[in-house]
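See structure below.
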Ligand code: ADP
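Numbering (the numbering used here), first residue to last: 423 to 609.
This is the structure:
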């Protein structure tokens, strides 16, 4: 399955490059120094152009810092979006250092910021599952459950889509979405 309906809203997964898929808000997997990096962060700054980094510098200063589990917003430069939400996920340290709560917080904060802006569509990468080493199966469960919970409450978001870059991460999200659907069917 690739979609779960939550009332009028939809939680979806797809494979692809997040910089190529139009959305009101695109979530970035940033680092807490907001300085740009590799992975999806590099792809977003390359595709979006220098305006995004310029805005981060201007709004948040040379010593900018975004705590793990939180997020900040900029415009989207040349990306097919209005906003980029730069979310900071946790580095995996074995799972006993609050990683699940911090990862959930990064997604929850992103959803809240997007709804505060009036966004109707949002896309996410699999935050923390690249260089930060978060195991994909566990990350998928936390990601989907957190966004589902947001979509079940008061929000402007109508559609939230996880854009998975690799076949492995897509399959992990597909399994987690199927589990979540089975759970919410009340079985
Ligand atoms: P983190 O430091 O949070 O782990 P990474 O960028 O290293 O961030 O990886 C996060 C996830 O984003 C990984 O699963 C990686 O495969 C994926 N990714 C990398 N490039 C893209 C892209 N262009 N679109 C969507 N996902 C991407």
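Backbone N, C-alpha and C fix where the C-beta goes; we use that ideal spot for every residue, glycine too.
Looking only at its chain, what residues have a beta carbon closer than 6 Å to the beta carbon of residue 564, apart from the 5 residues adjacent to it on each side? 522, 525, 526
Under 8 Å, do residue 498 and residue 451 count as touching if we go by C-beta distance? no
Whole-angstrom C-beta distance between residue 488 and residue 454, which should lie under 8 Å: Going by Cβ atoms, the distance from residue 454 to residue 488 rounds to 5 Å, so yes, they are a contact pair.
Residue 491: which of 520, 598, 502 sits nearest, CA to CA? 520
Could you check if residue 454 belongs to the surroundings of the ligand ADP, using beta carbon to heavy atom distance under 7 Å? no
Close-in-space but distant-in-sequence residues of the same chain around residue 599 (CB under 7 Å, 5 per side omitted): Same-chain partners within the cutoff: 423, 426, 435, 566.
Who are the Cβ neighbours of residue 494 in its own chain at under 6 Å, not counting the five residues just before and after it? When the five nearest sequence neighbours on each side are left out, the beta carbons in the same chain lying within less than 6 Å of the beta carbon of residue 494 are those of 488, 508, in order along the chain.
Taking 8 Å as the threshold (C-beta atoms), are residue 552 and residue 461 in contact? Between residue 461 and residue 552, the CB-CB gap stays under 8 Å.
Buried or exposed by the 16-neighbour rule on C-beta atoms within 10 Å, applied to residue 588: Classification of residue 588: exposed, given that the 10 Å Cβ count is below 16.
Simplified DSSP state of residue 528, which is helix, strand or coil: Helix at residue 528.
Name all residues in chain order for which at least one heavy atom of the ligand ADP lies closer than 6 Å to the residue's CB. 439, 440, 441, 451, 461, 462, 463, 465, 511, 547, 548, 549, 550, 551, 552, 553, 554, 585, 587, 588, 591
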